[in-house]
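Oh and the sequence shown: position 44 is 44 in full-length UniProt numbering, straight run, nothing missing. Positions of the beta carbon are idealized from the N, C-alpha and C atoms, including for glycine. Remember, it's a predicted structure, so these values are computed and weren't measured experimentally. The structure appears below as structure tokens.
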Amino acid sequence: MNSIKEHFENFTFNMMKPAYEKFHRTDEEYQEACSYLQVNRHIFDRIMKSLAIEDSEFMVDYVEKSCYCASCSNQAMYIEGYRDCIKLLKELEIL
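Right, dumping it as structure tokens:
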């Protein structure tokens, strides 16, 4: 039998995908940032190619880890939002 924690994790995982998709479609600042990255990708690539191999590898690793940390933080905040909602509903004696 699945635990409540497993059900909660499955539920939040299934709810995050459409939430992120909606965010990507509707948030103008996010879309502007993505556009900036796309337009300037060639500059980034040129700079990366000009670096020594060790420096380039470090930069790739650093950017990947930075993105991973941001992604983990976003997921944690999303899940915490659900927990806060449940606490609020309990406080209001709805649950």
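Taking Cβ to Cβ, would you say residue i is nearer than 7 Å to residue j?
i   : j   : result
I79 : T12 : yes
Closest by CA to residue i, which one among the options?
i   : options          : result
K17 : N74, E91 and L95 : N74
K5  : Y82, L95 and E93 : Y82
Requested in this report: Would you check if there are 3 or more beta carbon pairs closer than 8 Å linking the region 25-38 to the region 82-89?
Outcome: no
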